[in-house]
Each structure stands twice: as structure tokens, then as C-alpha cells.
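Engineer:
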Amino acid sequence: MLQTPYYPAFISAAAWSPTRAGVFFLARQDGRLDVWDYFYRMNEVALTQQVSDRALTSLNVQSQGRLAAVGDAGGVITLLQLCDGLVDPGPNEKNMIGWMFDRETKREKSLEQIKKQGGQAKKDDKEGAAGGSIDKTEYQAREKAFFAELNMTGEDLGTTLPAR
Numbered sequence: 016m017l018q019t020p021y022y023p024a025f026i027s028a029a030a031w032s033p034t035r036a037g038v039f040f041l042a043r044q045d046g047r048l049d050v051w052d053y054f055y056r057m058n059e060v061a062l063t064q065q066v067s068d069r070a071l072t073s074l075n076v077q078s079q080g081r082l083a084a085v086g087d088a089g090g091v092i093t094l095l096q097l098c099d100g101l102v103d104p105g106p107n108e109k110n111m112i113g114w115m116f117d118r119e120t121k122r123e124k125s126l127e128q129i130k131k132q133g134g135q136a137k138k139d140d141k142e143g144a145a146g147g148s149i150d151k152t153e154y155q156a157r158e159k160a161f162f163a164e165l166n167m168t169g170e171d172l173g174t175t176l177p178a179r
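If you use my numbering, the sequence shown corresponds to residues 16 to 179, in order.
1. State the Cα-Cα distance for the pair Trp51 and Leu62, rounded to the nearest angstrom.
2. Hey, how far is the Cα of Leu71 from the Cα of Gly133?
3. Using alpha carbons as the reference points, say which of Leu95, Gln79, Tyr22 and Arg69 lies closest to Val60.
4. If we ignore side chains and look at the alpha-carbon of each, how far apart do Asn58 and Arg43 end up?
5. What is the DSSP secondary structure of Gln132, reduced to helix, strand or coil?
6. What are the boundary residues of the beta strand (DSSP E) that Gly86 is part of?
7. Do Ser73 and Gly46 have their C-beta atoms closer together than 7 angstroms?
8. Can you tell me whether Ala144 is helix, strand or coil according to DSSP?
9. When the distance is taken between beta carbons, is Leu82 closer than 7 angstroms to Leu101?
10. Pull up the CB-CB distance for Phe40 and Ala29, whole angstroms please, since I reckon it's below 8 angstroms.
11. When the Cα atoms are used, what is the spatial distance from Gln79 to Thr34?
12. Skipping 5 residues on each side, what residues in its chain have a beta carbon closer than 6 angstroms to that of Ile92?
13. Between the alpha carbons of Arg157 and Glu119, how many angstroms are there, rounded?
14. Quick check: the Cα distance between Trp48 and Gly105, rounded to an integer number of angstroms?
15. When the Cα atoms are used, what is the spatial distance from Leu126 to Glu153?
16. Going by the beta-carbon positions, is the gap between Gly37 and Glu123 smaller than 7 angstroms?
What follows is the structure in C-alpha cells.
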């Protein structure tokens with residue numbers, strides 16, 4: 016349903032914030048800890064912190080969400096105190112993130128349906144036109160209708176198609 020972009024280093028551990036529904040942490044083998052905040056931005060990392068010169072191997076966030084313990088390949092555990100912005104939830108955040116996950120689930124189903132229809136069009140087309148690919152105009156029209164149904168634009172959530 017959601018995926019991060021390619022990383023130059025393997026991801027070795029991950030954890031959701033226990034206090035913020037839209038925040039999760041990724042520990043990387045290049046010694047960095049990434050923090051994603053889907054409540055504010057879906058398409059890029061909110062914060063990257065170099066924790067160690069060694070590969071990070073473990074990650075655990077305290078149940079109150081204020082501290083994160085990160086272990087590295089050398090056996091060192093680093094305790095990080097998280098800022099209020101990563102601990103205190105935004106207004107109606109839990110509901111908004113729930114709606115976002117529901118929306119993304121529906122969008123995935125819609126994309127699968129478009130792909131299936133494109134595959135059927137290929138079978139029906141004796142000229143061999145490019146079936147199986149998603150027509151950008153049709154995709155945008157369906158996406159716009161979907162967001163309108165939810166009283167959302169989608170523009171501010173990082174869900175628009177990238178320019179090709």
C-alpha cells in the first residue's frame with residue numbers, strides 16, 4: 016500500500032511511533048535513522064540522523080514515544096530523545112491517517128481494475144495497441160473522482176502522478 020523510494024543502504028529495522036499514527040522510523044545499515052511523517056508529507060523523509068558509523072541493527076521506541084533506542088553492529092546502543100513534533104499527535108491525526116490508509120487501499124484496488132481492463136483491451140485489440148499500460152488521462156480522471164468522493168483533493172498528500 017505504501018512504499019519508500021530506493022535506499023542506497025539496506026533497511027535493517029523499522030518501528031511505528033506509539034503516539035503518532037503517521038510516524039515511523041527506519042534504521043539503515045549505513046548508520047542513519049530515517050523518520051517518516053505521513054501526516055505531513057508522504058513522499059519524502061521528514062528527518063535523517065546519523066546515529067553511528069556502523070550498521071544499525073535494532074530499533075525500539077519507548078511506549079510513551081519520547082525515547083528511541085538504536086543498536087549498531089558494534090554492540091553500542093544509542094538512546095535518542097525525540098522532539099515534541101515527533102511525539103505529540105497533530106489535530107485529528109489518527110483519523111486522518113486511517114482515512115489515508117483507506118483511500119490508498121481503494122486506490123490500489125482501482126489501479127488493479129484499470130490494469131485488468133487494459134489487459135482485456137489488449138486481448139480485444141487485433142491491431143496490437145499498447146494494452147496493459149495505464150492511460151494517464153483515464154488514471155487522473157479516476158483519481159480526481161475518487162478524491163472528490165472523499166471530499167479531498169489529493170494535491171497536498173503527495174499522491175499526484177509524477178511528470179514523465
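Positions of the beta carbon are idealized from the N, C-alpha and C atoms, including for glycine.
Structural biologist: The short version:
1. 7 angstroms
2. 43 angstroms
3. Tyr22
4. Rounded to the nearest angstrom, the two C-alpha atoms are 18 angstroms apart.
5. helix
6. Leu82 to Asp87
7. no
8. Its pLDDT being 46, under 50, Ala144 is placed unreliably by the model, and the measurement read from it follows with that caveat. Ala144: coil per DSSP, three-state reduction.
9. no
10. 7 angstroms
11. Each residue's Cα considered, the two are about 7 angstroms apart.
12. Closer than 6 angstroms at the Cβ level, and outside the excluded window around Ile92, lie Ala84 and Gly86.
13. 13 angstroms
14. A quick correction: the sequence has Leu, not Trp, at residue 48. When rounded, the distance between both Cα atoms is 22 angstroms.
15. 11 angstroms
16. no
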